[in-house]
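Under the numbering used here, the first residue of the sequence shown is numbered 6, with each subsequent residue one higher.
I have placed the structure first, in the form of structure tokens, so that the comments after it can refer back to it.
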Amino acid sequence: MGRFQSSSPEEVSRAVRAARDAFPTWSRMDWEDRVEIFERAAELMRREKFQLAAAITLDNGKTRHEAVADVDEAIDFLMYYSHEMRENNGFERTVPPAYEGEEISLRLRPYGIWAIVCPFNFPLAISTGMAVGALITGNTAVIKPSSAAPLPVHLLYEVLDRAGCPPAR
6 MGRFQSSSPE EVSRAVRAAR DAFPTWSRMD WEDRVEIFER AAELMRREKF
56 QLAAAITLDN GKTRHEAVAD VDEAIDFLMY YSHEMRENNG FERTVPPAYE
106 GEEISLRLRP YGIWAIVCPF NFPLAISTGM AVGALITGNT AVIKPSSAAP
156 LPVHLLYEVL DRAGCPPAR
């Protein structure tokens, strides 16, 4: 399947620093540009569904049907979060007041760096859901794949890279 390295504490610190350094630029990127990246990622996953599913089966042991469903769920997460960002104008909206004379506006702002620890049982779907939920809203993330099934998370990284996510340095 491949060789997947464990990270040392120093390498984890370097990844956190890279995420911290990338945060100002990524968080200020227009939300519509971020949405377009994740919609492209969904399209890439659609085109490569069976290759991604095969990788899940080989790495994780899921049946073909379960592996295809894992990829479909990952695509659903990409599209769901993209839809929600569009539907809510990047999560900046006004809502009806609870009391007369009151003005209520809601605004979602990025918080910073998210740590994502991926499971082995849905290595692509849940990893995608957690990563995209953080990234599409302007946060950065350090992702730790499951030691039992690291390949699907590596492939997720490759898809996001090809879709246009900027590299962390």
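We put the CB at the ideal spot given by N, CA and C, even for glycine.
Which residues bound the alpha helix (DSSP H) around residue i?
{"i": "I80", "result": "R69 to E92"}
{"i": "P16", "result": "Reading off the sequence, residue 16 comes out as Glu, not Pro. Run containing E16: P14 to R33, per the alpha helix (DSSP H) assignment."}
{"i": "P157", "result": "L156 to A168"}
{"i": "G138", "result": "A130 to L140"}
{"i": "F55", "result": "K54 to N65"}
What are the partner residues of residue i, as DSSP defines its beta bridges?
{"i": "T145", "result": "I118"}
{"i": "T99", "result": "S110"}
Please list, in chain order, all residues of the same chain as residue i whose beta carbon is under 7 Å from its beta carbon, the five residues on each side excluded.
{"i": "V40", "result": "S87, M90, R91 and I141"}
{"i": "L156", "result": "M6, G7, A60 and D64"}
{"i": "G169", "result": "I42 and R45"}
{"i": "P115", "result": "S32, T142, G143 and N144"}
{"i": "M135", "result": "I121"}
{"i": "K67", "result": "I61 and D75"}
Take residue i as the anchor and find which of the options has the nearest alpha-carbon.
{"i": "L129", "options": "A27, C170, P29 and E163", "result": "E163"}
{"i": "P172", "options": "G134, A146, R114 and T99", "result": "A146"}
{"i": "T133", "options": "A120, L161 and Q10", "result": "L161"}
{"i": "I118", "options": "Q56, I131, I148 and D38", "result": "I148"}
{"i": "R112", "options": "V100, G66 and G106", "result": "V100"}
{"i": "L165", "options": "S152, G95 and V137", "result": "V137"}
{"i": "N94", "options": "W36, V158 and R69", "result": "W36"}
Take residue i and list the residues in its own chain whose beta-carbon comes closer than 6 Å to its own, dropping the five residues that flank it on each side.
{"i": "A47", "result": "I80, L83 and M84"}
{"i": "V73", "result": "A58"}
{"i": "R98", "result": "L111"}
{"i": "I131", "result": "P124"}
{"i": "P14", "result": "none"}
{"i": "F9", "result": "P155"}
{"i": "K54", "result": "V76"}
Are there 16 or more other CB atoms within 10 angstroms of the CB of residue i, so buried, or fewer, so exposed?
{"i": "S18", "result": "exposed"}
{"i": "A139", "result": "buried"}
{"i": "P150", "result": "buried"}
{"i": "G106", "result": "exposed"}
{"i": "A103", "result": "exposed"}
{"i": "A154", "result": "buried"}
Ordered along the chain, which non-local residues of its own chain (more than five positions away) have a Cβ less than 8 Å from that of residue i?
{"i": "M34", "result": "G143"}
{"i": "F28", "result": "P115, G117, I118, N144 and T145"}
{"i": "T30", "result": "P171"}
{"i": "F127", "result": "D75 and E78"}
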